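Using the numbering used here, read the sequence shown as starting at 114 and increasing by one per residue.
Just so it is clear, CB atoms sit at the ideal spot from N, CA and C, and this is done for glycine as well.
For clarity, every value in this text was computed on a predicted model and none was experimentally measured.
Following: one structure in structure tokens, then a few remarks.
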Amino acid sequence: MQPPLIDPFARAISYLRISVTDRCDFRCAYCMTEHMTFLPKADLLTLEELDRLCSAFITMGVEKLRITGGEPLVRKGILTFFEAMARHLQSGALKELTLTTNGSQLRKYARDLAAVGVKRINVSVDTLDDAKFAEITRWGRLSQVLDGIAAAKEAGLQVKINAVALKGFNESELFRLTEWCARDGHDLTFIEVMPMGDMGEAQRLDQYWPLKELRAELATRFTLVDLPDRTGGPARYVRLAETGQRIGFITPLTHNFCESCNRVRLTCTGELYMCLGQEDVADLRAPLRASADDTALHQAIRAAIARKPKGHDFDYSRQAVKGQMTRHMSHTGG
Ligand code: SAM
Numbered sequence: 114m115q116p117p118l119i120d121p122f123a124r125a126i127s128y129l130r131i132s133v134t135d136r137c138d139f140r141c142a143y144c145m146t147e148h149m150t151f152l153p154k155a156d157l158l159t160l161e162e163l164d165r166l167c168s169a170f171i172t173m174g175v176e177k178l179r180i181t182g183g184e185p186l187v188r189k190g191i192l193t194f195f196e197a198m199a200r201h202l203q204s205g206a207l208k209e210l211t212l213t214t215n216g217s218q219l220r221k222y223a224r225d226l227a228a229v230g231v232k233r234i235n236v237s238v239d240t241l242d243d244a245k246f247a248e249i250t251r252w253g254r255l256s257q258v259l260d261g262i263a264a265a266k267e268a269g270l271q272v273k274i275n276a277v278a279l280k281g282f283n284e285s286e287l288f289r290l291t292e293w294c295a296r297d298g299h300d301l302t303f304i305e306v307m308p309m310g311d312m313g314e315a316q317r318l319d320q321y322w323p324l325k326e327l328r329a330e331l332a333t334r335f336t337l338v339d340l341p342d343r344t345g346g347p348a349r350y351v352r353l354a355e356t357g358q359r360i361g362f363i364t365p366l367t368h369n370f371c372e373s374c375n376r377v378r379l380t381c382t383g384e385l386y387m388c389l390g391q392e393d394v395a396d397l398r399a400p401l402r403a404s405a406d407d408t409a410l411h412q413a414i415r416a417a418i419a420r421k422p423k424g425h426d427f428d429y430s431r432q433a434v435k436g437q438m439t440r441h442m443s444h445t446g447g
């Protein structure tokens, strides 16, 4: 084991979120443009490189890995990577291996994911209406995702649903989504929309649904009990007294969680983002490819963590880059 990763503000880095591909089988309007240009394959980290990088972080104290994308389950051979990470679960160094997925491939993968030690997954579902689902995802089919969720449950995986809050889109489904999750035993997290994809600015502002408003709407029907749960990220939680379910609210643009930030994000090309709201990035692919020995890689990781800023400085205009989410990060449950 290496000495743990502690940043200059005494925060231990224990959570790594990794995008394993920029590709996706959906084209959610708020996330991607319909005609995306994806990165050349040679730019992506290979599965072996992802293994080396994740293992390096684990030897330095990372205890939780969240695999995301793009859509992580469309990456060819991705199960090999999950299988490789299982050795860290078995050794006890890794406490949690999880993923955020759109659910389309879960019928194929759920059982294998459970077998390698994945216990909980996040599945993104913004609407329970077939036509609206097709509209927002452009290429997705709701029935396939619901079948994927059923497969996950059959495999014993705990499913949390992530829904991006969009005024005038799923506003009318607030209670339907909540009740569906209560009935099927899913936790549910709402995410405030961030400026990406190819929604026009006018449409984006039109669809901006502050979670404060969503929360107030929820409180007209349920008793919301604040929970002290903190994950080191931008989520806040309540329990609905009537159903017992946990509801999360993710407000990525709110600067209220930096002091407890325990996480960094790695892109599929090996760029490490030390903060969700800042552009500073460290290239880990070069030291990784420069040598089969991990010394330079360890040094590069430590140098990056030494630059982790104290807090968020979210610049709305800078982030309004097409395809930003899928290239660089997924900040959410995601
Ligand atoms: N493909 C996977 C999925 O659908 O969950 C993983 C990647 S996706 C980028 C991760 C999460 O980010 C999803 O829950 C998605 O809804 C959310 N997301 C994407 N674009 C967003 C945006 N502009 N604002 C807020 N959340 C967004």
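- Message: Relative to the C-alpha of residue 356, which candidate in 293, 367 and 274 has its C-alpha closest?
- Response: For the residues 293, 367 and 274, the minimum Cα distance to residue 356 belongs to 293.
- What's the gap between the Cα of residue 235 and the Cα of residue 272? Residue 272 has its alpha-carbon roughly 6 Å from the corresponding atom of residue 235.
- So, do the segment 360 to 372 and the segment 296 to 313 have three or more beta carbon pairs nearer to each other than 8 Å? With contact defined as three or more Cβ pairs closer than 8 Å, the segment 360 to 372 and the segment 296 to 313 are in contact.
- Query: In terms of DSSP beta bridges, what is residue 316 paired with?
  - Reply: Beta-bridge pairing links residue 316 to no other residue.
- Item | Option in 135, 155, 130 and 326 with minimal Cα separation from residue 166 | When only C-alpha atoms are compared, the closest one is 130.
- Message: Rounding to the nearest angstrom, what Cα-Cα distance links residue 410 and residue 176 in this structure?
- Response: Separation of residue 410 and residue 176 (C-alpha to C-alpha, rounded to the nearest whole angstrom) is 19 Å.
- Message: Any beta carbon from chain D within less than 8 Å of residue 294's own beta carbon?
- Response: Reference to chain D is not applicable here, since this structure consists of a single protein chain.
- Quick one: give me the first and last residue of the alpha helix (DSSP H) that residue 362 is part of. In the DSSP annotation of this structure, residue 362 is not part of any alpha helix (DSSP H); the continuous beta strand (DSSP E) holding it starts and ends at 359 to 363.
- Message: Less than 7 Å separating the Cβ of residue 237 from some heavy atom of the ligand SAM?
- Response: Relative to the non-hydrogen atoms of the ligand SAM, the Cβ of residue 237 comes within a distance shorter than 7 Å of at least one.
- For residue 177, the three-state DSSP class (helix, strand or coil): Residue 177 falls in the strand class under three-state DSSP.
- Query: Between the beta-carbon of residue 470 and the beta-carbon of residue 387, is there less than 8 Å?
  - Reply: Residue 470 lies beyond the range of the chain shown here (114 to 447); nothing can be said about it.
- Message: Need the endpoints of the beta strand (DSSP E) that residue 378 sits in, please.
- Response: In the DSSP assignment, residue 378 falls within the unbroken beta strand (DSSP E) covering 376 to 379.
- Item | Check: residue 240 C-beta below 7 Å from any heavy atom of the ligand SAM | Result no, Cβ not under 7 Å from the ligand SAM.
- the ligand SAM heavy atoms versus the CB of residue 137: any closer than 7 Å? Result yes, Cβ under 7 Å from the ligand SAM.
- Query: So is the beta-carbon of residue 371 under 7 Å away from any non-hydrogen atom of the ligand SAM?
  - Reply: Residue side-chain check: residue 371 keeps its Cβ at 7 Å or more from all non-hydrogen atoms of the ligand SAM.
- Message: DSSP three-state label for residue 354, please.
- Response: Residue 354: coil per DSSP, three-state reduction.
- Task: Would you list the one or two residues that DSSP bridges to residue 278?
- Result: According to DSSP, residue 278 bridges with 305.
- With residue 207 and residue 233 assumed to form a contact (beta carbons below 8 Å), what rounded beta-carbon distance in angstroms separates them? Going by Cβ atoms, the distance from residue 207 to residue 233 rounds to 14 Å, so no, they are not a contact pair.
- How many Å lie between residue 449 and residue 121 at the Cα? Given that the chain is displayed from residue 114 to residue 447, the structure contains no residue 449 and the question cannot be resolved.
- Enumerate, from N- to C-terminal direction, the unbroken alpha helix (DSSP H) stretches of 4 or more residues contained entirely within the segment 186 to 259. The alpha helix (DSSP H) runs lying completely inside the segment 186 to 259 and spanning 4 residues or more are 191 to 204, 219 to 229 and 243 to 250, given in chain order.
- Task: Please name the residue, chosen from 420, 274, 425 and 412, that lies closest to residue 173 on a Cα-to-Cα basis.
- Result: Here the closest residue by C-alpha is 412.
- Query: Residues in its own chain within less than 7 Å of residue 338 by CB, not counting five upstream and five downstream?
  - Reply: Excluding residues within five positions, the ones whose Cβ falls inside 7 Å are 351, 352 and 354.
- In chain order, what residues of the same chain have a beta carbon less than 6 Å from the beta carbon of residue 116, not counting five sequence neighbours either side? If we look at residue 116 and ignore the five residues flanking it on each side, it has no Cβ neighbours.
- Going straight from the alpha carbon of residue 447 to that of residue 212, what length do you get? With a pLDDT of only 46 at residue 447, under 50, the local geometry of the prediction cannot be trusted, and the value read off the model is given with reservation. So the alpha carbons of these two residues sit roughly 8 Å apart.
- Task: Give the single residue among 163, 202, 251 and 325 whose Cα lies nearest to the Cα of residue 191.
- Result: Cα-wise, what sits closest to residue 191 is 163.
- Message: Between residue 222 and the ligand SAM, is there a pair consisting of the residue's CB and a ligand heavy atom that are separated by less than 7 Å?
- Response: Outside the cutoff, so no.
- Mark residue 425 as exposed unless 16 or more other C-beta atoms lie within 10 angstroms of its C-beta, in which case mark it buried. Answer is buried; the Cβ neighbour count reaches 16.
- Message: Contact between the segment 145 to 161 and the segment 370 to 384 is defined here as three or more beta-carbon pairs at a separation below 8 Å; is this criterion met?
- Response: Below 8 Å, enough C-beta pairs join the segment 145 to 161 and the segment 370 to 384 to call them touching: three or more.
- Any idea what DSSP makes of residue 152, helix, strand or coil? In this structure, residue 152 counts as coil in the three-state DSSP scheme.
- What do you reckon, are the CB atoms on residue 137 and residue 184 nearer than 8 Å? Yes. Within cutoff.
- Pick from 299, 360 and 346 that is closest to residue 335, judged by C-alpha positions: Answer by Cα proximity: 360.
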